[in-house]
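One structure below.
Residue numbers (the numbering used here): 283 to 398.
Here's what the structure looks like:
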């Protein structure tokens with residue numbers, strides 16, 4: 283159940299990012315595997331989010347399992363404007379992030395391995 287709760291928090295943060303960038307026509311897909319899960323969101327937008335590169339950088343911060351419970355508690359607690367959210371906390375909970383914008387479609391794909 284713990285990993286499903288973490289998946290829910292991760293999906294929620296990604297949804298906040300999409301909605302705060304006025305990406306309102308999107309699809310989300312979550313797939314659980316034997317050793318982890320993948321979350322993929324893609325949405326239509328006329329231009330890439332202005333902070334796309336910074337967002338990608340924050341998601342690619344190395345995972346830190348020693349502090350994971352702390353990050354998990356903080357994730358989603360920011361009540362401030364979405365633009366100032368601390369997406370690096372999300373990056374510290376995942377193992378891989380791929381972000382792209384092509385042909386008016388913005389895509390985010392993340393992968394998280396289950397804890398051993």
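Virtual Cβ for every residue (Gly too), placed ideally from N, Cα, C.
Counting C-beta atoms within 10 angstroms of its own C-beta, residue 321 has 16 or more neighbours from the protein chains shown and is therefore classed as buried. Contact between residue 341 and residue 292 is absent: CB atoms are separated by about 10 Å, not below the 8 Å threshold. Look at residue 295 here: in three-state DSSP terms it is helix. The stretch 300-337 is shown to contain no whole alpha helix (DSSP H) run of 4 or more residues. The beta carbon of residue 308 lies closer than 7 Å to those of 300, 323, 324 and 325 in the same chain, with the five residues before and after it left out. Inter-residue distance for residue 347 and residue 318 is about 14 Å (C-alpha atoms, whole angstroms). If you draw a 10 Å sphere on the C-beta of residue 287, you find fewer than 16 other C-beta atoms in it, and that means exposed. Residue 314 has its alpha-carbon roughly 9 Å from the corresponding atom of residue 289. Considering only 381, 372 and 338, the residue with the shortest C-alpha distance to residue 394 is 372.
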